[in-house]
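Asks: As you go down the protein sequences, you meet chains A and B in turn. Per the numbering used here, the very first residue in the first sequence carries number 6; after that it's consecutive. Per the numbering used here, the very first residue in the second sequence carries number 282; after that it's consecutive. Heads up, the beta-carbon is just placed ideally off N, CA and C, and yes, glycines get one too. Nothing here was measured: the structure is a model prediction, and the numbers come from that model. Just passing along the structure, written as structure tokens.
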Amino acid sequence: MIPIVLLLLLVAGAAAAIARLLRRSMEQPSNLSELLDRLEPFNVACFRHIASDLDDEYLKKRLPGREYRILRWIRLRAIHAYYTCAFRNSSLLLSYAQSLSRASDPELSAFGQQLNSTAIQLRLALVRGIIGIFFCYFTPLAVPSWRQITQRYDQIGGHLKALCETHAPDLGVAVSDHFSS
Amino acid sequence: MPLIYFFSLLPLPVLAVTAIVMYQRKQHLIYPIFWTYLIFQFVRESGEGIALQFSHKVFYYTYWSTSACSVIFSLLLLRNIFLTVLRGYSPLSQLRRYGYEAMLLACWLLALLVAFHNEHPRTVRQLIFDSHQAVSFTSVGMFVFVVGSSALLGIRWTSAICGIALGLGLFGTTDLVVYALLSHGHLLSNTVASWIQVLAYDCGIGIFALYFVPRREEVQVPAGLKPELLQWANEVRGSLSK
């Protein structure tokens with residue numbers, strides 16, 4: 006029975022992979038303005054506040070067990086929503102960084118590689134975070150990877166601000182709004 | 282001539298055209314393994330057609346030896362895709378170095394377990410089907426791993442790499458389904474299995490041609506701001522701040 010289930014799972018996985026390749030759905034922003042339009046709002050300060058271990062400790066001490074568990078469940082769902090949003094944003098950032106790294110201008114290309122490296126680190130932290138948050142629903146573990154995520158998000162904001170200063174000064178305010186920490 | 286021979290020989294001109302177009306565009310230097318794979322498939326198809334004219338024994342040995350080489354080529358191509366898409370990401374260097382080989386080993390062990398889990402006595406025919414099922418399982422497992430890891434990491438593929446992976450995925454998945462059905466009793470007749478494989482092969486070669494023969498515009502590279510515009514913007518900023 007198990008081998009047949011494995012076979013069916015693999016065939017389903019292959020069909021999904023083929024469908025994905027046929028669709029090639031990953032969005033590809035062609036410029037910074039388009040990237041900023043497509044990025045979903047992600048408030049790093051609010052996220053940091055929700056994910057903080059200190060707040061969790063404080064609530065755990067002050068609230069009755071049942072209320073704390075309900076609140077923790079709501080908190081985890083909010084963090085999960087933040088992670089999902091950041092995950093979608095990281096796809097766009099990676100896609101933009103990849104296209105920048107192929108630019109003929111060496112300065113833009115170097116910037117693209119720098120952004121690529123930071124975006125993939127954000128992506129890895131998010132993968133770890135999303136897997137970890139699943140276990141947090143059932144175990145009293147601390148929220149995983151949130152520090153790395155906020156750190157990488159801030160770094161990406163810093164990179165994009167630097168790009169704006171040299172290549173698109175009019176977009177500086179929009180970048181600051183999106184990546185305010 | 283039976284219709285199935287016509288369909289099995291149909292990819293020959295398509296393979297030839299794809300390989301020639303790639304050579305003219307110097308894409309054989311960018312995708313050397315894939316280009317060699319196309320040449321190999323051309324030789325394989327022609328060789329099998331010629332072998333069939335001599336005797337069934339010659340055809341039998343030609344078919345199984347070229348099938349084994351084809352699987353090795355598929356695994357090499359998938360490895361090449363994996364290494365190409367992860368190039369340029371320093372945080373993923375460990376995954377790039379060992380990920381494919383580790384996964385290949387795991388897939389191979391799992392494939393052997395799936396194919397040979399029960400110890401009932403096998404006929405030669407069943408043994409061949411089980412072996413082919415194990416090989417297809419490994420190949421499809423690696424295909425899913427390569428596509429899945431890129432999707433998870435958000436790495437975008439060029440259309441050429443998409444085309445190569447799509448064709449390989451189609452070959453592998455069809456083989457896996459057909460050999461799994463053949464090895465698990467008599468769920469599929471030999472004629473139907475042959476037709477499915479021939480049509481899937483034709484589709485796969487068609488996909489290769491579709492992705493490589495017409496000229497494709499790759500990703501648009503964002504243009505940088507013109508220097509004179511940048512200078513103008515800086516001047517306006519400077520005058521506003523005064």
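How long is the line joining the alpha carbons of A:Arg128 and B:Tyr379, rounded to whole angstroms?
Replies: Each residue's Cα considered, the two are about 20 Å apart.
Asks: Tell me where the alpha helix (DSSP H) around A:Trp78 begins and ends.
Replies: 70–106
Asks: What's the gap between the Cα of A:Ile23 and the Cα of B:Gln407?
Replies: 29 Å
Asks: Cβ closer than 9 Å: which chain A residues qualify as neighbours of B:Pro495?
Replies: The premise fails here: B:Pro495 is roughly 16 Å from chain A at the closest Cβ pair, so nothing lies under 9 Å.
Asks: Could you check whether B:Ala383 and B:Ala396 sit closer than 8 Å to each other, using their CB atoms as the reference points?
Replies: Taking 8 Å as the cut-off, the Cβ atoms of B:Ala396 and B:Ala383 do not count as close.
Asks: Taking its Cβ as the centre, do 16 or more other Cβ atoms sit within 10 Å of B:Leu386, making it buried, or is it exposed?
Replies: exposed
Asks: Let me know the alpha helix (DSSP H) ranges lying completely inside the region 7–44 of chain A, each 4 residues or longer, listed in chain order.
Replies: Qualifying alpha helix (DSSP H) stretches, in chain order: 7–28, 37–43.
Asks: Start and end of the alpha helix (DSSP H) containing A:Arg67?
Replies: Unbroken alpha helix (DSSP H) run through A:Arg67: 58–67.
Asks: B:Tyr370 touches chain A at which residues, Cβ-Cβ below 8 Å?
Replies: Asn121, Ser122, Ile125
Asks: Helix, strand or coil for B:Gly453 per DSSP?
Replies: In the structure shown, B:Gly453 sits in a helix (DSSP, three-state: H, G or I).
Asks: For the region 88–103 of chain A against the region 41–49 of chain A, are there 3 or more C-beta pairs whose distance is under 8 Å?
Replies: yes
Asks: Please confirm whether A:Leu41 and A:Leu176 have their CB atoms less than 8 Å apart.
Replies: yes
Asks: Are the C-beta of A:Ala20 and some C-beta of chain B separated by less than 8 Å?
Replies: So yes, A:Ala20 belongs to the interface.
Asks: Compile a chain-ordered list of the residues in the region 422–445 of chain B whose CB is closer than 8 Å to at least one CB of chain A.
Replies: Gly422, Phe424, Val425, Val428, Gly429, Ala432, Leu433, Leu434, Gly435, Ile436, Arg437, Trp438, Ser440, Cys443
Asks: Return yes when the Cβ of B:Thr317 is within less than 8 Å of the Cβ of B:Glu329, no when it is not.
Replies: no
Asks: Would B:Gly444 and B:Tyr492 be called neighbours here (beta carbons separated by less than 8 Å)?
Replies: yes
Asks: Would DSSP call A:Ala121 helix, strand or coil?
Replies: Just to set this straight, residue 121 of chain A is Asn in the shown sequence, not Ala. If DSSP states are grouped into helix, strand and coil, A:Asn121 belongs with the helices.
Asks: Can you give me the Cβ contacts of B:Leu469 inside the same chain, cut-off strictly under 6 Å, excluding the 5 residues immediately before and after it?
Replies: Apart from the 5 residues on each side of it in sequence, B:Leu469 sits with its Cβ closer than 6 Å to the Cβ of Leu462, Leu463 in its chain, given in chain order.
Asks: Once DSSP output is grouped into helix, strand and coil, what is the label at A:Ala115?
Replies: helix
Asks: Thinking C-beta only, is B:Ser355 closer than 8 Å to B:Leu449?
Replies: yes
Asks: Less than 7 Å separating the Cβ of B:Phe288 from some heavy atom of the ligand NAD?
Replies: Among the components of this structure there are no ligands whatsoever, and the ligand NAD is therefore not found.
Asks: Determine whether the beta carbon atoms of B:Leu367 and B:Arg377 lie at a separation below 8 Å.
Replies: yes
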